[in-house]
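Notes follow once the structure below has been shown.
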Amino acid sequence: MSEGLAMPQDAAARYGGLGAGTWRWIGALALIALAAALPFAVSNYHVFELTLVMIYAIAVLGLNILTGYNGQISLGHGGFFAAGAYTAAILMHRYGLPYWATLAPAGLVCFALGVLFGLPALRFEGPYLALVTLAMAVATPQLLKYFDSWTGGQQGINLVKIQPPPGLGIDRDRWLYLVVLVVLLLAMRVAANMLNGRTGRAFVAIRDHPIAAAAMGIDVARYKTLAFGTSTALTGIAGALSAMVISFVAPESFSLFLSLSFLVGSAVGGIATISGAIVGGLFIEFVPNLANDISDAAPWAIYGLAMLLLMYAMPRGVAGSVGLLLQRFQSRRASRSDQDHKGRMP
Amino acid sequence: MKVKHAVTAGLSAAGLILASSLAAFAAGQYGPGVSDTEIKLGNTMPYSGPASSYGIIGKVDAAYFAMINEQGGINGRKITFISRDDSYSPPKTVEQVRQLVEQDQVLLIFNSLGTPPNMAIHGYLNDNKVPQLFPATGADQWNDPKHFPWTMMWLPSYSIESHIYARFILKNLPNAKIAVLYQNDDYGKDYLNGLRDGLGDKASKMIVATQSYETTDPTVDSQIVALQASGADVLMTAAIPKFAAQAVRKVYDIGWKPTHFLNSVGNAVGTVMKPAGLEKGVGIISAAFAKDPTDPQWQSTPEYKEWLAFMTKAGLSANTTDVQAVIGYSFAQTMVAVLKACGDNLTRENVMKQAASLHDVKLPMLLPGITLSTSANNFDPIKQMQLQKFDGTTWRLFGDVISGSGS
Amino acid sequence: MHQLLQQIFSGLAAGAVYASLALALVMIYRATDVVNFAQGEMAMFSTYIAWTLVNAGLPFWAAFVLTLVTSFLGGMTIERIIIRPVENAPVLVTVVVTIGLLLIFNALAGWIFTYTLQEFPSPFPDRTLFGALMTTRDLGVIGVTLVMLLLLFAFFRFTATGLAMRAAAQNPESARLCGIPVGRMLAIGWGLAAAIGATAGIMVAPVLFLDPNMMGGVLLYAFTGALLGGITSPVGAVVGGLIVGVTENLVGTYLIASQLKLTVALALIILVLVFRPNGLFGTAIVRRV
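The listed protein sequences derive, respectively, from chains P, W and E. Going by numbering that gives the first Met the number 0, the letters in the first sequence line up with residues 0 to 345, in that order. Going by numbering that gives the first Met the number 0, the letters in the second sequence line up with residues 0 to 406, in that order. Going by numbering that gives the first Met the number 0, the letters in the third sequence line up with residues 0 to 288, in that order.
Okay, here's the thing in structure tokens:
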């Protein structure tokens, strides 16, 4: 019975009595517990900030699916974020829906929009696709201002502040934080399942070599459209959450700069990763404020500089680079145990 | 001996009581952000992003408060002015204002810029009873003391100005056909709606064409051409300087000679009339409430010289052609006047009370005759403007100072 | 009828503005395969340099030439220092880097030169032509754009450097084997694009007026025009830019209210691209498997 190829899992078989997989679960649960406890240790304002971080993380996760895993660049995700936000706002404001019931419609509307967009986008590549998505970002504020009987036009929609369930005894900010946390975890789980499975492999194959993928029988059009739809659905859900948390939507909230921020956050976090989305969310939320502290004369210059430096240092993004390091670490362990096993080979 | 002791004891006790009550009186009542030596004010401004040209207002505010501090502060307290960048994005405004109120513990929010940003924080500030004073926007909704008792406006509302134009048109040009160029946002639409409102039931007959533009449009030439084609003989332009200048120029270049009303936001001599071509703006009518720093008629006055000296000392001499800097100066002076009137009672309630008790307050860089007045039912300090006509060099004021009816 | 003519002529004037920046975009794309989102801001910054020189007393043409040289060198420097490190990284990284450059230039211009609107002198007198259909300045923009187009066309077609640059962009490895200094070609490409952008900015500033956000909207239209014409074709860039200008004007006047004209114009252009995904004059990229 030959050992065959030494698998990294075998090499890293046991740490203190538990397998690597089990350790990963423990680590994840610990992080989740930490995240759930965090809002009770910090002030309301910081809870609010962290909630925004998670919302942006969900939006960036959507973009990662499309641009990172499927290779279709999008400069227009701010538009889908707006669509989700306004769907939720209109449902709450006009039709009196409770906030938690707006998430699914927002997701569905944005999924449909994404598919609608994805179909013509099939024809385009590279800078042409960038233009088509850019058009979405630019058209969104115009459309929002035009259909003002629905959207409130430039005045926007002021929403009634969401109240936490009465029995729990926590305040509004913390309740919303926990709601968004749950949605984030679900989104990450769903994304992971999709991306680590067949769909994800099809996405990556299409990104890396579309002709070979088609030759292997992958329905390129179907998967590309699916990527668009799931991506925009996630970003739309993030938009709906943002409407709930900020209690206000207006066309100015969804400028071209928002779309660019998502793209930048995605690249900085790690475009083809899931955990990178959280880094992206942190970047989008905190770096502009930090830039302001460093220089109030030209804060965006600092922000731009931060982008450049991060791209030089970590072209694969933070999560991408960390992932690369881990891979190297694991392969080194594998080769070391390979040598151990060599002695036993017949 | 005992009597002497008793008297001494009695006198000392009385002295102690008197001294401590005097001290308590001097200490006053303080809201958040106030101490014996400090008053903390919060502000958000677009220092970055598409509206960053308005950031000068925040810079002028900061410079003015620094100057007041150098002169000893307000009743012995220095102003700490914390101004944060919101890039004109409402979610960011909410974030910054929450930080100012909850982390920095400021007394009030002063002079935040933009209608959407202020709308985003409107509810939050009123719910938390934090004064939202003198936002830098001319929308009407900030004058609503019944529903929003913590919000007070300052700028004459955009609709007051278009009401003034409407009345002029109804009186002097009753058969006019009016075309309107407006910026496609709350500011431009307020002007358009104000004009409609001011014309009353004649509006639909008189307004024959409207064209809007986005701030991302490179020029408004196409819109002007379209408006001319409507056959209108009156044009109202509600545009910011860049597009106002383009409009003035294009109207002249295509040989169109309407009676042209130019909004006060876009009428500065140095940044609009001159780039457009001084001869192209002759005859244009506008309204104003503040002195244009590039208008020769004000440049010899002592008030202008004082303002200019202030700007130069503050390192802002590059902005001395910008009327926004004059307006920022006036905003800051109003804030200082309100805080002074509070004396040692610097609670949020008293601040609102003093702000609602302004009687004919004069400011040096406002047009002569224009004063600030507020009351418990009226949170609109500046309701007056004056009409002026451009003569190729300067704006000639004519008529009387007019009071608008506002909302 | 008169209004139609006027709208078309205004559209051509505006379109020439877009076309001039579109040429710079095409230049960079042909030389380096990169869409430079910072092109507009770089052009704006160059214009401010020219403005400073003119204000310091230099005559217009001296300032113009000096600005072109400075922009050329500046473009080369940017390529070497800022773009070179991410040369081999995925496209998205370069996109992010150019977006970063966009922000930096915009913020620097606002900080150094303030946001107050400035006038910019034009070498052309201020007169109207053809019965008020166009001004001499608008015609000047069109004229200069066409001259730049011809120069660019000649450069790529008839000069050795132009040929070397095309080779370096299409196939860097083979080009290196032929002895072409690929790195230098890329730098020259950026330098030329910066110079073209500077020319565009200087021509355009008298018409649009100078402020740090002058090129923001123009970049979007220029990008659209360049893609419509074919991102690899200078002729396409000019034709595309002009079409975008005229389409937008006509759409806004006859088709839909001005509040939606940008949206509708973009939609129409995308429709055209659906049928010609490489633009009107672009060449399809054939991939071998």
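A virtual CB, placed ideally from N, CA and C, is assigned to each residue, including glycine. As the structure is a prediction and not an experimental result, all values here were calculated from the model.
Any chain E beta carbon closer than 8 Å to residue i
i	result
W:THR114	no
P:MET306	yes
W:ILE369	no
P:THR150	no
P:GLN153	no
P:GLY303	yes
W:SER402	no
Local conformation of residue i per DSSP, three classes
i	result
W:TRP394	strand
W:LEU107	strand
P:MET215	coil
E:PHE59	helix
W:ASP399	strand
W:THR36	coil
W:ASP139	helix
W:ARG83	strand
W:LYS77	strand
W:LYS279	helix
W:MET44	strand
E:ASN35	coil
W:THR284	Position check: residue 284 of chain W holds Ile in this sequence, whereas Thr was assumed. Here W:ILE284 sits in strand by DSSP.
E:THR231	coil
One or two residues paired with residue i in a DSSP bridge
i	result
W:TYR212	W:GLN182
W:HIS259	W:LEU234
W:GLN383	W:SER402
P:ALA103	None; P:ALA103 has no bridge partner.
W:LEU371	W:VAL360
W:LEU365	W:ALA289
P:ILE156	P:VAL248
CA nearest to the CA of residue i, picked from the options
i	options	result
E:GLN258	P:GLU284, P:SER320, P:ASP295 and P:VAL137	P:VAL137
W:LEU226	E:THR252, E:GLY228 and E:ASN212	E:THR252
P:ALA232	P:ILE273, P:GLN329, P:THR224 and P:LEU107	P:LEU107
W:ASP359	W:THR370, W:SER47, W:TYR190 and W:GLN353	W:THR370
W:PHE288	W:PHE397, W:TYR29, W:LEU124 and W:ASP35	W:PHE397
E:PHE119	E:LEU176, E:ILE255 and E:TYR47	E:TYR47
P:ALA105	P:VAL114, P:GLY95, P:LEU90 and P:TYR94	P:LEU90
P:GLY279	P:LEU158, P:GLY18 and P:LEU262	P:LEU262
E:PHE8	E:THR127, E:LEU176, E:GLY235 and E:GLY178	E:THR127
W:GLN182	W:LEU261, W:ARG248 and W:LYS304	W:LEU261
W:ASN192	W:TYR212, W:ALA165 and W:ASP216	W:ALA165
Test: residue i CB closer than 8 Å to a CB of chain W
i	result
P:PHE256	yes
E:GLY107	The residue asked about is misnamed: residue 107 of chain E is Leu in this sequence, not Gly. By this cut-off, E:LEU107 is not an interface position.
P:THR334	Looking at the sequence itself, residue 334 of chain P is Ser, so the reference to Thr does not match. No, its Cβ sits nowhere closer than 8 Å to a Cβ of chain W.
P:PRO314	no
E:PRO124	no
P:TYR44	yes
P:TRP174	no
P:LEU51	yes
CB contact check: residue i to chain P, cutoff 8 Å
i	result
W:GLU37	no
W:PRO90	yes
W:SER47	yes
E:VAL271	no
W:ASN183	yes
W:GLY122	yes
Residues in the region 104-121 of chain P with C-beta within 9 Å of chain E's C-beta atoms, listed in sequence order? Cβ contacts with chain E come from PRO119.
The region 80-92 of chain E: positions lying closer than 8 Å to chain P by Cβ: Against chain P - using a Cβ distance shorter than 8 Å - the residues of the region 80-92 of chain E are ILE81, PRO84, VAL85, ALA88, PRO89, VAL90, LEU91 and VAL92.
Quick one: which residues of the region 212-227 of chain P get their C-beta closer than 7 Å to a C-beta of chain E? List them in chain order. Hits within the stretch: zero.
Relative to chain E, which residues along the region 247-272 of chain W have a C-beta separation below 8 Å, given in chain order? Considering only beta carbons, the part of the region 247-272 of chain W lying closer than 8 Å to chain E consists of ASP252, ILE253, GLY254, THR270 and VAL271, in chain order.
Determine which residues of the region 263-275 of chain P have a Cβ less than 9 Å from any Cβ of chain E, and write them out in chain order. Answer set for the region 263-275 of chain P: VAL263, SER265, ALA266, VAL267 and ILE270.
When Cβ atoms are compared, which residues of the region 92-109 of chain W fall closer than 9 Å to chain E? Flagged: no residues at all.
For the region 52-74 of chain W, enumerate the residues whose C-beta is nearer than 9 Å to any C-beta of chain E, in chain order. Within the region 52-74 of chain W, the qualifying residues are SER52, TYR53, GLY54 and ILE55.
Closer than 7 Å, Cβ to any Cβ of chain C: which residues of the region 235-268 of chain E, in chain order? No chain C is part of this structure, whose protein chains are labelled P, W and E.
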